[in-house]
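**Student:** Mapping of the sequence shown onto the UniProt record's numbering: residues 1 to 288, in sequence order. Dropping the structure in here first, questions after.
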Amino acid sequence: MIQSMTGFGKSIVALPGKKITIELKSLNSKNLDLNARMPSQYRERELDLRGKIAKSLSRGKVDFSLYVEITGEATTASVNAAVVKKYIQQLKEIPSTGRADEASLLEIAMRLPDTLKTEREEIDESEFNAIDQGLEEALTEINDFRDAEGKALEKDFVLRIETLQQLLQEVIEIDPQRIDAVKERLQKGIEELKENVDENRFEQELVYYIEKYDITEEKTRLENHLSYFTETLNSSDSNGKKLGFIGQEIGREINTIGSKSNFAPMQKLVVQMKDELEKIKEQLLNVL
């Protein structure tokens, strides 16, 4: 079963005096590109959190965010009284503010820099354990999201591969007509020259052109590649890179058939096949 690289997961950790929100967002990328945003006091565990995310998600452009909201009375910020007092003294010396009352001066002073000081908060082990549990929940949610998106992609791939198989069958059915058309064009060209030709020579040239435009191998390989794509799609692991390689091989055979066809009805089918394959390739960019 395939899995998409697009997903979203979220969990909320409720602790005494604070609420921690963990969010994970992912988009497609060739490798794992992980961006982490969190308050500085939690950075000491960033490597552990990154390792857990990398082990679970493996590929994709992943944004990991950890938000902290203070819900109780606890706070690490306090008024820097000495700085505020100094500001008020200086404001009194300014003619335009010197006559203001104490409340007004205090309001002005509190807007100035360094009036609040924040002490570094020490995070205990129990809080980090709660964050780990919250991250596990967010990872489960984002993987469930990726699985659901993968099922939608798989359904689309199955329909498009079936369409390619139907078009290939049409190519196989009209191939004898194409060979007859090649023979007819050669015969007509000789007749227009009004020349007597050696029948043996003509047969040799005919065999040469038929071999030159023969697509038997391409039809067989294309059929095998389409079957292999379906087989890989149904495997237990999600392997977008492998499916991408198979898609390249499918495109190579379709292009060769198109270059050899030299027959308008077959070229029309080749154009339809290329269109279906292009849509498959676009979707493969999202497969894990």
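We put the CB at the ideal spot given by N, CA and C, even for glycine.
Would you report the Cα separation of LYS61 and GLU122, rounded to the nearest angstrom?
**Tutor:** In the sequence shown, the residue the question calls residue 61 occupies position 61. In the sequence shown, the residue the question calls residue 122 occupies position 122. The straight-line gap from Cα to Cα measures roughly 31 Å.
**Student:** Which of the three DSSP states, helix, strand or coil, is assigned to GLY9?
**Tutor:** Counting from 1 along the sequence shown, the entry for residue 9 is found at position 9. In the structure shown, GLY9 sits in a strand (DSSP, three-state: E or B).
**Student:** How many Å lie between ALA36 and GLU218 at the Cα?
**Tutor:** Indexing the sequence shown from 1 puts residue 36 at position 36. Indexing the sequence shown from 1 puts residue 218 at position 218. So the alpha carbons of these two residues sit roughly 48 Å apart.
**Student:** According to DSSP, is ASN143 part of a helix, a strand, or is it coil?
**Tutor:** Residue 143 sits at position 143 when you count from the first residue of the sequence shown. The answer is helix: DSSP assigns ASN143 an H, G or I state.
**Student:** Given this structure, state the Cα-to-Cα distance separating PRO39 from ARG252, to the nearest angstrom.
**Tutor:** The count along the sequence shown starts at 1 and reaches residue 39 at position 39. The count along the sequence shown starts at 1 and reaches residue 252 at position 252. Approximately 51 Å between the Cα atoms of the pair.
**Student:** Which first and last residues belong to the beta strand (DSSP E) in which GLU69 is found?
**Tutor:** Position 69 of the sequence shown, counted from the start, is the residue given in the question as residue 69. GLU69 -> beta strand (DSSP E) spans 60–70.
**Student:** Specify whether the region 219–235 and the region 149–166 touch according to this definition: at least 3 beta carbon pairs, one from each stretch, less than 8 Å apart.
**Tutor:** Enough Cβ pairs lie closer than 8 Å, so yes.
**Student:** Using only the alpha-carbon positions, how far apart do LYS52 and ALA14 sit?
**Tutor:** Taking the sequence shown and counting its residues from 1, the one referred to as residue 52 is at position 52. Taking the sequence shown and counting its residues from 1, the one referred to as residue 14 is at position 14. Approximately 21 Å between the Cα atoms of the pair.
**Student:** Does the region 17–27 come within contact of the region 170–184, defined as at least 3 CB pairs closer than 8 Å?
**Tutor:** no
**Student:** Determine the burial state of GLY17: buried for a count of at least 16 other Cβ atoms within 10 Å of its Cβ, exposed for fewer.
**Tutor:** One-based indexing of the sequence shown puts residue 17 at position 17. Answer is exposed; the Cβ neighbour count stays below 16.
**Student:** Where GLY247 and MET1 are concerned, what is the direct C-alpha to C-alpha distance, given to the nearest angstrom?
**Tutor:** Position 247 of the sequence shown, counting from 1, holds the residue named residue 247. Position 1 of the sequence shown, counting from 1, holds the residue named residue 1. Looking at the two C-alpha atoms, the distance is approximately 17 Å.
**Student:** Taking the beta carbon of TYR87 as the centre, do at least 16 other beta carbons fall within 10 Å, making it buried, or is it exposed?
**Tutor:** Sequence index remark: in the sequence shown, residue 87 carries index 87 (1-based). Per the 10 Å Cβ criterion, buried.
**Student:** Report all residues from its chain with a CB closer than 7 Å to the CB of GLU276; omit the five preceding and five following residues, and keep chain order.
**Tutor:** For the purposes of this step, residue 276 is taken as the residue at position 276 of the sequence shown. Here the set comprises ARG160, THR163, LEU164.
**Student:** With respect to the alpha helix (DSSP H) encompassing SER261, which residues constitute its N-terminal and C-terminal limits?
**Tutor:** The residue you call residue 261 lines up with position 261 of the sequence shown. Unbroken alpha helix (DSSP H) run through SER261: 240–261.
**Student:** I'd like the list of long-range same chain contacts for ASP237, defined as Cβ closer than 8 Å, with 5 residues on each side in sequence excluded.
**Tutor:** Residue mapping note: residue 237 aligns to position 237 of the sequence shown, counting from 1. Cβ within range, chain order: n/a, list empty.
**Student:** If we ignore side chains and look at the alpha-carbon of each, how far apart do PRO265 and LYS30 end up?
**Tutor:** Walking along the sequence shown from the start, residue 265 turns up at place 265. Walking along the sequence shown from the start, residue 30 turns up at place 30. C-alpha separation (whole angstroms): 38 Å.
**Student:** If we ignore side chains and look at the alpha-carbon of each, how far apart do LEU222 and GLN3 end up?
**Tutor:** For the purposes of this step, residue 222 is identified with residue 222 of the sequence shown, where counting begins at 1. For the purposes of this step, residue 3 is identified with residue 3 of the sequence shown, where counting begins at 1. Rounded to the nearest angstrom, the two C-alpha atoms are 25 Å apart.
**Student:** Among all the DSSP beta bridges, which residues are the ones paired with ILE20?
**Tutor:** If you number the sequence shown from 1, residue 20 lands on position 20. Answer by DSSP bridge pairing, in chain order: VAL13, VAL68.
**Student:** Around the C-beta of GLU282, are 16 or more other C-beta atoms found within 10 angstroms, so that it is buried, or is it exposed?
**Tutor:** Here the question's residue 282 lines up with position 282 in the sequence shown. Exposed.
**Student:** Where do the N-terminal and C-terminal ends of the beta strand (DSSP E) with ALA36 fall, by residue?
**Tutor:** Along the sequence shown, read from residue 1 onward, the residue named residue 36 stands at position 36. 32–37 is the span of the beta strand (DSSP E), which, as asked, contains ALA36.
**Student:** Leaving out five residues on either side along the sequence, give the residues of the same chain with a beta carbon under 7 Å from the beta carbon of ASN239.
**Tutor:** Start at 1 with the first residue of the sequence shown, and residue 239 comes out as number 239. Counting only Cβ-Cβ distances below 7 Å, and skipping sequence neighbours, we find THR232.
**Student:** What's the C-alpha gap between GLU125 and GLN41?
**Tutor:** For the purposes of this step, residue 125 is identified with residue 125 of the sequence shown, where counting begins at 1. For the purposes of this step, residue 41 is identified with residue 41 of the sequence shown, where counting begins at 1. So the alpha carbons of these two residues sit roughly 13 Å apart.
**Student:** Return the first residue and the last residue of the alpha helix (DSSP H) that LEU57 is part of.
**Tutor:** In the sequence shown, counting from the first residue as 1, residue 57 sits at position 57. Unbroken alpha helix (DSSP H) run through LEU57: 46–57.
**Student:** Within the continuous alpha helix (DSSP H) that includes MET273, where are the two ends?
**Tutor:** Start at 1 with the first residue of the sequence shown, and residue 273 comes out as number 273. Its alpha helix (DSSP H) spans residues 264–284.
**Student:** Using CA atoms only, rank isn't needed, just tell me which of ARG111, THR115, LEU243 is closest to ASN286.
**Tutor:** On the sequence shown, residue 286 is found 286 positions in, with the first residue counted as 1. LEU243 is the residue among ARG111, THR115, LEU243 whose C-alpha sits nearest the C-alpha of ASN286.
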